[in-house]
Amino acid sequence: MTHTFHIPVLGLAFSIDSALKVAQYGISSVMSIVDDELIERMRRYYCGQYQISYRPIAKTEDDYRAKRITAYLNLVQFVVNRQIEALKRQPFTENSELTKYFQLLPDSHPSKPIYHAMEIESNRAIKTELQDLLINYLKAGDIDVNIMSKVDKMNYQDSNLLDQRYSDASAALRGFANSTLHSSLILSAGMNPHLYAYLAELPGFFPNSEGLFDKKIVLKVSDFRSALIQAKYLAKRGVWVSEFRIESGLNCGGHAFATDGFLLGPILQEFKEKKESLKTELFEIYHEYWTSQERSLTTPPIIKYTVQGGVGTASEHQFLLDYYGFDAVGWGSPFLMVPEATTVDQETLKALETAKQEDFYCSGASPLGIPFNNFRQSGAEHLRLERIKKGRPGSPCKKEYLISNTEFSDKPICTASRVYQHQKIQELQKQNLSVAEYDKAFDAITEKTCLCEGLAAPAYLKYNIQKSKEQTAVSICPGPNLVWFKKQYSLREMIDHIYGRISVFENENRPFVMINELNLYIDHIQKYVTDNKNIMNDKKIKYVAKFKAQLQAGIAYYNELTQHLSLIPHNISTAIPRQLELASLRLKDIHM
Numbered sequence: 004m005t006h007t008f009h010i011p012v013l014g015l016a017f018s019i020d021s022a023l024k025v026a027q028y029g030i031s032s033v034m035s036i037v038d039d040e041l042i043e044r045m046r047r048y049y050c051g052q053y054q055i056s057y058r059p060i061a062k063t064e065d066d067y068r069a070k071r072i073t074a075y076l077n078l079v080q081f082v083v084n085r086q087i088e089a090l091k092r093q094p095f096t097e098n099s100e101l102t103k104y105f106q107l108l109p110d111s112h113p114s115k116p117i118y119h120a121m122e123i124e125s126n127r128a129i130k131t132e133l134q135d136l137l138i139n140y141l142k143a144g145d146i147d148v149n150i151m152s153k154v155d156k157m158n159y160q161d162s163n164l165l166d167q168r169y170s171d172a173s174a175a176l177r178g179f180a181n182s183t184l185h186s187s188l189i190l191s192a193g194m195n196p197h198l199y200a201y202l203a204e205l206p207g208f209f210p211n212s213e214g215l216f217d218k219k220i221v222l223k224v225s226d227f228r229s230a231l232i233q234a235k236y237l238a239k240r241g242v243w244v245s246e247f248r249i250e251s252g253l254n255c256g257g258h259a260f261a262t263d264g265f266l267l268g269p270i271l272q273e274f275k276e277k278k279e280s281l282k283t284e285l286f287e288i289y290h291e292y293w294t295s296q297e298r299s300l301t302t303p304p305i306i307k308y309t310v311q312g313g314v315g316t317a318s319e320h321q322f323l324l325d326y327y328g329f330d331a332v333g334w335g336s337p338f339l340m341v342p343e344a345t346t347v348d349q350e351t352l353k354a355l356e357t358a359k360q361e362d363f364y365c366s367g368a369s370p371l372g373i374p375f376n377n378f379r380q381s382g383a384e385h386l387r388l389e390r391i392k393k394g395r396p397g398s399p400c401k402k403e404y405l406i407s408n409t410e411f412s413d414k415p416i417c418t419a420s421r422v423y424q425h426q427k428i429q430e431l432q433k434q435n436l437s438v439a440e441y442d443k444a445f446d447a448i449t450e451k452t453c454l455c456e457g458l459a460a461p462a463y464l465k466y467n468i469q470k471s472k473e474q475t476a477v478s479i480c481p482g483p484n485l486v487w488f489k490k491q492y493s494l495r496e497m498i499d500h501i502y503g504r505i506s507v508f509e510n511e512n513r514p515f516v517m518i519n520e521l522n523l524y525i526d527h528i529q530k531y532v533t534d535n536k537n538i539m540n541d542k543k544i545k546y547v548a549k550f551k552a553q554l555q556a557g558i559a560y561y562n563e564l565t566q567h568l569s570l571i572p573h574n575i576s577t578a579i580p581r582q583l584e585l586a587s588l589r590l591k592d593i594h595m
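Here it is as structure tokens:
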């Protein structure tokens, strides 16, 4: 990688065009390819911006979803290629984009000494020679895509159920596979056997004659066991996992896939210790498959390891790279405050600038039933409460990406929809509940919100591409780490912060990233105990006990880790033992 960080997927709209903004600087980013309606509108918009002919892909066309995704990805690749070619023709003047490319690079990049030598060189011939050498280092960042494996609605045509290959996730996969991108597919949210089996039928994910890949697979996971199970499943089908992207279970944006008390530090330690054995085990399975196909593979392909979730300082960034031997670190939520890199409407940006810690919270807002990092001051949250106040909770369900519930119909509907919530509240009213019990159940029903519309809205607003009377209340799902980033930043400011050339923090006493996650997990198990205090059973008691034991093991690990935190500022590292002691006391006070 040109840089030692990447921008992970950020909702539907927030990173939908990040590659068009930052890939020319060698920065890799990830876009969601869930929403083909958003993707089609973005293609139309950017075709106009770059004066490229646009042919709409209508929903009446066969396999329209895959075609829309392919067309947009091809457009992004075309534009980025054009940007790189334009950079090569630029002079090394003070304010040129070419100069910016090299100034943004980490100081460890091999081109940096050449660039500094070129800056001070007075001999024109030598200066030109150095500039020609620098041009050879120009490389676009990766244009990666994300599929949430289990967001995989089956589709219909004229009331007839279509084949599994036309499901949402399968069509998105096909859209990527048919594109001109040479990049990675990030699979998240667990394993989908149907999708993985289909993936293994697509030749773009197979090794070429040199053992290299046109398109790579990345697994986003929150623990080693999940990584191993999924990677073995794919290896048995001849598909290699080129990267494991480990994400904090709770200290992240978007959906939060909490572990059973396993903390990020011990998880990273397990990957660190088992890298070689994991590679060996996977290659044995992978090699066996390709031998059966009469292909000889003698060398295991490369596996990268990256980590993301709550990282906020240059010292944390470098510590994760150095101590655990990882290849890169994902910086997600902080980039929401960088308009040069992401797509956030002005109203939401202003709300984020003045946000307090309590505005960022883990909610039950997602129709998927998975904890979801939410923002209390978002337009979508205000709209949800307004609808409840008017006696009309729930949202119109137009896109149907997250439909899954069949309580009231054979065909799945969304739990955030007005139809579902109306029926669920009617059912609730027939129960003989106390006021407190009723209010709790009512809140659980109406907390669900429409993410399909809300997470796409920022792009509609920013680029004025919404349809007439279309709802544009914004949902945004930053991680709690964003509270430390208090204003909008330039791309240069954020990258210089990541690499330690400046600090954008007003308060330098931000706790260490792993302490922040530990406290989030203690809050999580405390809430679980509180929510279940009247319905505890043996199974739940055992779950809580196991969870607490894992957290205590994590605290013990962090006490040992303090010996290896020389990269962390003294005021932060010396506070850790006391913070761990307080966390342990909090944990002991949690009673079932």
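If you count the sequence shown from 1, you need to add 3 to reach the working numbering. Heads up, the beta-carbon is just placed ideally off N, CA and C, and yes, glycines get one too.
Problem set entry | Any alpha helix (DSSP H) of 4 or more consecutive residues that is wholly inside the stretch 11–61 | 21–25 and 39–52
Exercise. Of all Cβ atoms in chain B, is any one closer than 7 angstroms to the Cβ of R168?
Worked result: In the displayed structure, chain B is absent; only one protein chain is listed.
Exercise. Taking only runs of the beta strand (DSSP E) that begin and end inside the stretch 85–156, which ones reach a length of at least 3 residues, in chain order?
Worked result: Entirely contained in the stretch 85–156, the beta strand (DSSP E) runs reaching 3 residues are, in chain order, 146–151.
For this session: Report yes if the CB atom of A368 is closer than 7 angstroms to the CB atom of N376, and no otherwise.
Result: no
Problem set entry | Sheet register partners of R248 (DSSP bridge) | According to the DSSP secondary-structure assignment, R248 is paired through a beta bridge with K223 and T309.
For this session: Under the assumption that I19 contacts L41 (Cβ atoms under 8 angstroms), give the Cβ distance between them as a whole number of angstroms.
Result: 6 angstroms
For this session: Would you check if there are 3 or more beta carbon pairs closer than 8 angstroms linking the stretch 242–262 to the stretch 219–230?
Result: yes
Problem set entry | Runs of alpha helix (DSSP H) wholly within the stretch 392–477 (minimum 4 residues, chain order) | You should have 421–432, 438–449, 454–457 and 460–465.
Exercise. Should Y502 and A344 be called a contact, given that it needs their Cβ atoms to be closer than 7 angstroms?
Worked result: no
Exercise. How many Å lie between A261 and I373 at the Cα?
Worked result: 9 angstroms
Problem set entry | Helix, strand or coil at G382 according to DSSP, with G and I counted as helix | Helix, per DSSP.
For this session: Spell out the partners DSSP gives Q160 in its beta bridges.
Result: Answer is N163.
For this session: Taking A203 as part of the beta strand (DSSP E), name the residues at either end of that continuous run.
Result: Note, A203: premise wrong, no beta strand (DSSP E); not H, not E.
For this session: Report yes if the CB atom of D348 is closer than 7 angstroms to the CB atom of P461, and no otherwise.
Result: yes
For this session: Could you name the residues of the same chain whose beta carbon sits closer than 7 angstroms to that of M595, not counting the 5 residues immediately before and after it, in chain order?
Result: Here M595 has V532, M539, I544 and V547 as same chain residues with Cβ atoms under 7 angstroms from its own Cβ, once five neighbours each way along the sequence are excluded.
For this session: Taking only the alpha-carbon atoms, compute the straight-line gap between L405 and Q86 and give it to the nearest angstrom.
Result: 36 angstroms
For this session: Would you check if there are 3 or more beta carbon pairs closer than 8 angstroms linking the stretch 274–294 to the stretch 233–244?
Result: yes
For this session: May I ask you to report which of helix, strand or coil DSSP gives F274?
Result: helix
For this session: State the DSSP-derived secondary structure class of V82, mapped to helix, strand or coil.
Result: helix
For this session: Report buried or exposed for D65, applying the criterion of at least 16 other Cβ atoms within 10 angstroms of its Cβ.
Result: exposed
Problem set entry | Reference Q54; option with closest CA among L78, K70, I36 and D39 | L78
Problem set entry | Selected residue, minimal CA-CA separation from L458, among K70, V37, R92 and S114 | The shortest C-alpha separation from L458 is found at V37.
Problem set entry | F265 - DSSP class collapsed to helix/strand/coil | coil
Problem set entry | Whole-angstrom C-beta distance between I579 and K551, which should lie under 8 angstroms | No, K551 and I579 are not in contact; Cβ-Cβ is about 20 angstroms, not under 8 angstroms.
For this session: Answer with buried or exposed for K24, where buried requires no fewer than 16 other C-beta atoms within 10 angstroms of its C-beta.
Result: buried
Exercise. Using the beta-carbon count (16 or more within 10 Å), is H9 buried or exposed?
Worked result: buried
Exercise. DSSP state of P303, grouped into three classes?
Worked result: coil
Exercise. Is the CB-CB distance between Y326 and H567 below 7 angstroms?
Worked result: yes
Exercise. If you compare alpha carbons, which of Q52, I30 and G29 is closest to I468?
Worked result: Q52
For this session: Using the Cα positions of R228 and Y236, report the straight-line distance between them to the nearest angstrom.
Result: 12 angstroms
Problem set entry | Where H573 falls: helix, strand or coil (DSSP) | helix
Exercise. Do Q429 and I448 have their C-beta atoms closer together than 7 angstroms?
Worked result: no
Problem set entry | Segment contact flag, the stretch 262–279 with the stretch 515–524, C-beta cutoff 8 angstroms, min 3 pairs | yes
For this session: Decide if F105 is buried, meaning its Cβ has at least 16 other Cβ atoms within 10 Å, or exposed.
Result: buried
Problem set entry | CA nearest to the CA of D534, picked from R495, V486, E43 and D446 | D446
For this session: Within 10 angstroms of the Cβ of V438, are there 16 or more other Cβ atoms? Answer buried if so, exposed if not.
Result: exposed
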